[in-house]
Amino acid sequence: METPKIHIIISTPLGIYFDKEASICTFTTTEGQIGIMAGATEFMAALVPSKIMVNFLNSPDSKVFYIDKGIVQFKNNVLSIIVNQIDTKEIELDHKFSPEDQKKYTIIEEVTLKKSILKSQTNNK
């Protein structure tokens, strides 16, 4: 008896990157790691930068893809994944948001706000 499979379609802005059937697929969402097999409950979630692992039953072959952010939907045993970037090697993200960046943007917002208040006070006189 054949084990039920899921159909996995991974798309990028450039088109379809991966389109095969597999036994299980694991990935990381904003809620944590999820593993999907045939018959799982339908859902939709946001993906975080991480890796997608695709495994085939009774086969030593497995695929690992590194992704940037994206979305995933599972419905009728079809796993649709849309990502910004994907590769078989780890992706170097262009920029990681840091606390220093937050301070920089806070200062910019503060200056903009002070200018608006000053302009408003000048117009009211």
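Going by the numbering used here, the sequence shown opens with residue 281, and the numbers climb by one from there. From the three backbone atoms N, C-alpha and C, an ideal C-beta is built for every residue, glycine too. Model, not experiment: these values are computed from the prediction.
Query, Result
"C-beta contact flag for I290 and Y297 at 8 Å", "yes"
"Identity of the residues DSSP links to S360 by a beta bridge", "I289, Q353"
"Buried or exposed (CB count within 10 angstroms, at least 16 for buried), A302", "buried"
"Simplified DSSP assignment, three categories, for V334", "strand"
"Span of the beta strand (DSSP E) around D341", "Per DSSP, D341 belongs to no beta strand (DSSP E) and is neither H nor E."
"Cβ shell of T309 (< 8 Å), same chain only, five flanking positions each side left out", "A325, A326, L327, V328, V352"
"Whole-angstrom distance between K331 and T306, CA atom to CA atom", "8 Å"
"Per-residue burial, F323 [other beta carbons within 10 Å of its own, 16 or more giving buried]", "exposed"
"CA-to-CA distance, T283 to L359, given in whole angstroms", "17 Å"
"Rounded straight-line distance, which links the Cα of K369 to that of E402", "A small correction: the amino acid at residue 402 is Thr; Glu does not occupy that position in the sequence shown. Computed Cα separation, rounded: 57 Å."
"Neighbourhood of M317 by C-beta, 6 Å cutoff - its chain only, sequence neighbours within 5 removed", "I304"
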